[in-house]
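The block underneath contains the structure these notes are about, expressed in structure tokens.
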Amino acid sequence: KKMRYLVYFVHRHFEFRIPEFESLLKLHGVDPSTCFNRQAALNTDCPFLLAELESDEIASKICQRAILIKNMIEVWGQGQTVEEASQRVREHWEQGRVVEEVFAESSSWSVQVDG
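Numbering follows our numbering, in which position 32 of the sequence shown is assigned residue number 36; successive positions increment by one, without gaps.
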């Protein structure tokens, strides 16, 4: 099953963001029409785009070559309320899609806020 990612674009060169992303998808054997909504991508006011990819490896390769993508973050869940989003993350975990190493005592992480 495909994994959902939040693609975080730099906030400049708006007209090149989607062509670059589509080119990198094709370079890695992904049909762009199967992984994101092109109409939603045309909103240049928003630096985010939801996309579906087969693996973290493809996401990583795209980020390594991209100039206009800051980051791609795997989406574990989303919802209209905190409770709904929390439930989606719980379901994601129960399906074995959240890597346990992320929550191990020996691992560390941080939250970065842009703005």
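Note that CB positions come from ideal geometry on N, CA and C, so glycine has one too.
Contact between GLU24 and LEU72 holds, since their C-beta atoms are separated by about 5 angstroms, short of 8 angstroms. Beta bridge pairing from DSSP links ASN75 with TYR12.
Between LEU54 and LYS6, the C-beta gap is not smaller than 8 angstroms, which leaves the two residues out of contact.
The continuous stretches of alpha helix (DSSP H) do not include LEU46, and DSSP gives it neither H nor E.
Rounded to whole angstroms, SER111 and ALA89 show a C-alpha spacing of 24 angstroms. For ASP60, the enclosing alpha helix (DSSP H) has its first and last residue at 60-69. For the options GLU95, ASN41, TRP113 and ARG94, the alpha carbon positioned closest to that of LEU10 is the one of ASN41.
Proximity of the stretch 20-37 to the stretch 62-72 meets the contact definition, three or more beta-carbon pairs being nearer than 8 angstroms.
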